[in-house]
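In the working numbering, the protein residues as written are 322 to 496.
Even glycine gets a Cβ: it sits at the ideal position worked out from N, Cα and C.
Model, not experiment: these values are computed from the prediction.
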């Protein structure tokens, strides 16, 4: 009966978890694409300084004003980074978004984390909120020898995957 309860719980909650994970990956990908596009534009500007004008398709419509604005924005980011940290320049990265984009990204991540908490909001059983406090934890503490002998630590990993994945949503491993 308890195993059926765990299976029912996971059957109900896994689709919610997967939807949140997809959204998190989408946010990270969108952020990456924005940074990548800006870096490519900065590189093109640098190449223009060295080699002269680069042939650009007419539909892009890059003007000298756009290039100057990007150069100034890059210098502002570099200055802000150097004020924040005392690292050597070679260890610094230019992974900052524009202010409005950064605000939107932070807001989306906060919303995602709030909805992550909502996944377990309707759960009353303590062992489904924190599996270490339920039967798994009591098996480990009361029957340590049997737990170790049955390779309980390895078997529980697959059961705890849901909670680990839930906690990982909203986490940016690079920062």
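- When the beta-carbon positions are compared, residue 440 and residue 334 come within less than 7 Å of each other.
- Looking at 325, 338, 326 and 322, the one whose alpha-carbon comes closest to that of residue 487 is 338.
- Straight-line spacing of the CA atoms in residue 443 and residue 494 works out to 29 Å.
- For the pair residue 429 and residue 356, the CB atoms are not nearer than the 7 Å cut-off.
- Taking the Cα positions, residue 421 is about 50 Å away from residue 462.
- Residue burial is scored here from C-beta neighbours: residue 326 has fewer than 16 other C-beta atoms within 10 angstroms and is therefore classed as exposed.
- C-alpha of residue 423 to C-alpha of residue 435: approximately 18 Å in a straight line.
- Bounds of the alpha helix (DSSP H) holding residue 427 are 420 to 440.
- Apart from sequence neighbours up to five positions away, the residues of its chain that approach residue 416 with a beta-carbon distance below 7 Å are 356, ordered along the chain.
- Nearest to residue 398 by alpha-carbon distance, out of 418, 370 and 431, is 418.
- The three-state reading of DSSP puts residue 322 in coil, since its state is none of H, G, I, E or B.
- A distance of 7 Å or more separates the beta carbons of residue 364 and residue 391.
- Under the three-state reduction of DSSP, residue 464 is assigned to coil, being neither helix nor strand.
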